[in-house]
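Reading through the structure tokens given below for one structure.
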Amino acid sequence: MLEVFILKIENPNCFWVGIKGGGTFIIDEMEYKKLQSEMNQFYNKTYRYADEVKPPTLEEGQVCVVYCQELKSWCRAVVKSFKSHKDYCITECFLVDYAQIVHVKTDRICVALESFMRLPYRAKKFQLYCTKPVTLRVNYYTNKVETVPVDRWDIAAIQYFQDLLHVTTQVEAKLCAFKEDSFDVYLYVTIKGEKVCVNDDLVAKNYACYEINSKTNSTVENQNEKTSLSIESASEEINPAYVLWPKLLQAKKPKVFDMSGDLSDGCQRTSYKPSQENDSYNRDVILTIPPLMQGVTVSVQGDLPTDQKTTEMQQMEKDLSEKNPGVKLLQFLNPDPLKAADQQDEREALLSVCQLCPVVLSNKIEPCSSLEMAPLFLALKKELLKNQFQGPNHTQSYSWPAIARGYDSVIISPEKDPLVYLLPIITFLQSRSCYISLPARNGPVALILCPGQKKAEWVFQFLENYSYCSRSLHPVLLLLGKNKEEIKSVRIPRGCEIIVTTPHSLLRLLEYQCLLFLRLCHLVLDEADVLFSEDSDQIFKILECYKTNLSVEGKESAPQQIVAVGTHWNKNIDYLMEEFMNDPYVVITSLQEAAIYGKVQQVVQLCLECNRMSALLQILDFTPMDAQKTLIFTRSVEEMEVVHKAVESSSIFCLKMNSEIGFDFSNVVDQWNKQFNSGTNVVLVLTDDYTTALGITDATCVIHFSFPASPRIFGARLYNMSANFQNSIKKVLSGKEQPKAKSILLLTEHNACQAVGVLNYLKRAEATIPPELFDLTSGVLEAREESKSERPLCHHLKKHGFCKNKKCCPDRHRISLETDLPGKVSDVAVSTGNVTILPLFIVDATTYFGRIVDKEKDVYTAFAEEMNLYYKTASNCISAETVEKLTVYALQEENTFHRVQVLEVMPKEKSCMFHNVHIRYIDEGRTGQVQSYRLLLLPEPFQLLPPQAVEFIICRVRPIDNEVEWNPK
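Take 6 as the starting number for the sequence shown in our numbering and just add one per residue.
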């Protein structure tokens, strides 16, 4: 083990050290100081006679002596490169004793005398033995991130390596092998009295993996055969510094010499050897996308093709992990594959996943590829990093630049994420100079409309979390009822610049504060599709009020921006863009929604599975007016071959894409991209595997011969027509009718369960719906509702008489005379008329649980006294050894015993000896959570009395503003 000191760090595979004295072959620092003094004395004296010490020629790699201005000393150096100027030449030299780069003129370089080469170079180049950098690679098809070896070290890994060496009090190295110009070592650092192996630490932190190069090993074995030197029986000691001896004095020595012996002291290290990838194989397929029509911009990157060798590499990793205890140890030390130190890597991996997904844009937008490049102010970025923000994601990377620049924007994405618009709005509000011209009065600069109080509260929580790191915005959550006195008393606080509210609350306030919009510059519609579908009248009133106030004096020079964010495209959004927006930026990351935006004609053809081929041939247009490009999607290669033969036999020019062609797409792509005359129909039959790889965007028709496996695949198919998507804004400006793209879906009895989703999509696309689809859908809905017969009755249906989310609600929506009859709570039947109720647990404003009390005989009171008396005997308090779902037990709370039913048994936590159990108090109606050991066995006689808790609902009352949940007030 050698004690060293650090001279220079480039990365873990390239750093220079000096070796401290104390060994047989280690040169003491005093020797180097003596050599330095001799060189200074000689060259300072003889430099006046420059011709005598000047080298006749200079070449790269030549050893020389140069004067270093920084060190004020003559130093040994190696020539690295030359750079010519008009009157002189600059030489780049590497100082071999200090690991520094200096630039000197060629006439100031001296010959290195042999006497000054008696000592080996002081700076030794080290690299970590068998330690290879890793990075995150995304498998598009499995949608997973995997760690794989690479050649370059990540910036975070280099920074972590530097930090380790800066805080250490001692650095030691164990020599394992050396090559032509560097040592391979295990590096050990001492931090706070504890010795840490840097190689292991980098692997444990997932900055690196272990790899033994087979090429190096074979060379070592050959070398050991030629020499009798080994770590076990060394007949003579080898100077480890000799490898870096000046070449002009160095004898011919072997290039690589292994000194590792065992991989470590008593612990075998794990090696990783990646399979060699084929040069022709590239993980990132670069696609050439044909020019798109004006006004529609498309951004896409290629899919990642699967590769057999990649699978082999993953299998090798798995085998190594299973067979080697070293890997399991490292996984134990670092069970989380992405630690905090790897946050940047994780963000980049997430970003790369997003970049693989296409996006439809109305204007060209350069996405922000990282948080560092995001258009957010510095304090906000720091707060996001502090909160371990993993972004920007795919939608944010495109929406942030447009919103942060103040453009009118429409964002359609599957996520209901307020950060899509909130962060760039907060950033824009930091520019006070933009709002100097606004009237000097109270009033918001930004207004966020949400579809309901719950969403408004959620958005306001985000706003509070991220606005405190900015200048004071004083955000306000505005939720108003119908109390006129309360509305009149509302005052907007001084300095309030953002209000989060709902459409109904805002309109109530506008009745009494008509000047509220005088300073308004930013209007945000959160979940715009929901707002337009449920509160369209209120939204258009607000928009008209906003538009009216645009002409207020002082607002001409202030920014004016409307941002609409939603999950579905809505026809009212078209009207919003035409009437209230100025050249809006449209960002759509949900491709099936992009097809609705692009006015793709949706056609559904119902047929039997056995008649699909004849239906397909009837659909195909043999004599189109204009040239057509049709894609036919099939589920398998066999089905594709059958369809290809049938279409080709119908005298239509038909191409196919199958696995035999592999990734040599050139012929198919060239044929597809040719210019065709009007009246020609070109057909390409393919499977979904090749959709993205071909990069087609100019198809005019897509036929779904096989039903798409998911909405995402359906959207990916439609995206092949994105060059023919219509842009309503550009259409209005140009006044020209654009050709419509068409999507034809063959729906058979095998896909009947998808009929409801297809019908809903056709309604939103305003397509013609065949009557047969209505019949099929009604049958599917009937069967779906019958399958819920065992489910409880929907609580929204019980409270309000309707369920807003009936399509996705898992509960039953039909009254069952058997299940929904009032339960029997005692032997005495409840008579009609008034009853006495004891409320026990209040759920909300109209729902509570209570007990029906009989004035003559209270059954439950006597029962409770009897049960309490039973459990006062300690021998009767027997804990349940095993807890089963839906079983009734007893539970003690202070001096009272309750009957409880187990609703769910939670998995046991590692640090806990008992299960957490979710229970319901069957005689009170409330729920809770306890540990399993507290549940007591309940004798059979105490289970005979029916549950006493009865649910009561106040009828004919529901929340205002179409809310489904009551306001806590």
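Glycine included, every Cβ here is placed at the ideal spot set by N, Cα and C.
- For the 9 Å CB-CB criterion, residue 417 and residue 685 do not form a contact.
- For residue 590, the enclosing beta strand (DSSP E) starts and ends at 590-593.
- Counting along the chain, residue 193 sits inside the beta strand (DSSP E) bounded by residues 188-196.
- Residue 103 is positioned such that its CB atom lies no closer than 9 Å to that of residue 7.
- Here residue 448 carries a coil assignment [DSSP, helix/strand/coil].
- Taking a C-beta distance under 9 Å as the contact criterion, residue 22 and residue 129 qualify as a contact pair.
- The beta-carbon distance between residue 402 and residue 408, rounded to whole angstroms, is 12 Å. This is too long to meet the 8 Å contact definition.
- Pairing residue 510 with residue 536 gives a Cβ-Cβ distance that is not under 9 Å.
- Residue 567 is not a Cβ neighbour of residue 512, given a cutoff of 9 Å.
- Looking at the backbone, the Cα of residue 479 and that of residue 421 are separated by about 24 Å.
- Looking at the DSSP output, residue 690 bridges to 637, 661.
- Looking at the DSSP output, residue 864 sits in no beta bridge, so it has no partner there.
- Under DSSP, residue 215 takes part in a beta bridge, and its partners are 136.
- Boundaries for residue 85: no alpha helix (DSSP H) harbours it, while the beta strand (DSSP E) harbouring it runs 78-89, taken from the DSSP string.
- Here residue 953 is not near residue 924, since their CB atoms are 9 Å or more apart.
- In this chain, the alpha helix (DSSP H) harbouring residue 433 covers 424-433.
- 136 is the residue among 136, 867, 868 whose C-alpha sits nearest the C-alpha of residue 215.
- One alpha carbon belongs to residue 185, the other to residue 112, and they sit about 30 Å apart.
- A distance below 9 Å separates the beta carbons of residue 108 and residue 98.
- A direct Cα-to-Cα measurement between residue 397 and residue 572 gives close to 18 Å.
- The continuous stretches of alpha helix (DSSP H) do not include residue 182, which lies in the beta strand (DSSP E) extending over residues 175-183.
- For residue 531, the uninterrupted beta strand (DSSP E) segment begins and ends at 527-531.
- Residue 367 sits away from residue 561, with the two beta carbons spaced by 9 Å or more.
- Contact between the stretch 548-559 and the stretch 462-479 is absent: fewer than three C-beta pairs spanning the two stretches fall below 8 Å.
- Per DSSP, the unbroken beta strand (DSSP E) holding residue 904 starts and ends at 901-910.
- Short of 8 Å from the beta carbon of residue 876, and not among the five residues preceding or following it, lie these beta carbons of its own chain, in chain order: 882, 895, 897, 902, 941.
- For residue 925, the uninterrupted beta strand (DSSP E) segment begins and ends at 921-926.
- The stretch 717-728 and the stretch 640-660 do not touch, with fewer than 3 CB-CB distances between them shorter than 8 Å.
- Beta-bridge pairing by DSSP links residue 199 to 196.
- In chain order, 609, 709 place their CB closer than 6 Å to the CB of residue 750, counting only its own chain and leaving out the 5 sequence neighbours on each side.
- If you check the CB distance, residue 121 and residue 35 do not come in under 9 Å.
- By the neighbour-count criterion, in which a residue is buried when 16 or more other Cβ atoms sit within 10 angstroms of its Cβ, residue 860 is exposed.
- Pairing residue 85 with residue 471, the inter-Cα distance amounts to about 51 Å.
- Around the beta-carbon of residue 799, 16 or more other beta-carbon atoms lie within 10 Å, marking it buried.
- About 7 Å separates the CB atoms of residue 454 and residue 506; that is less than 8 Å, so the two are in contact.
- Taking all protein chains shown into account, residue 582 has 16 or more neighbouring C-beta atoms within 10 Å of its C-beta and is therefore buried.
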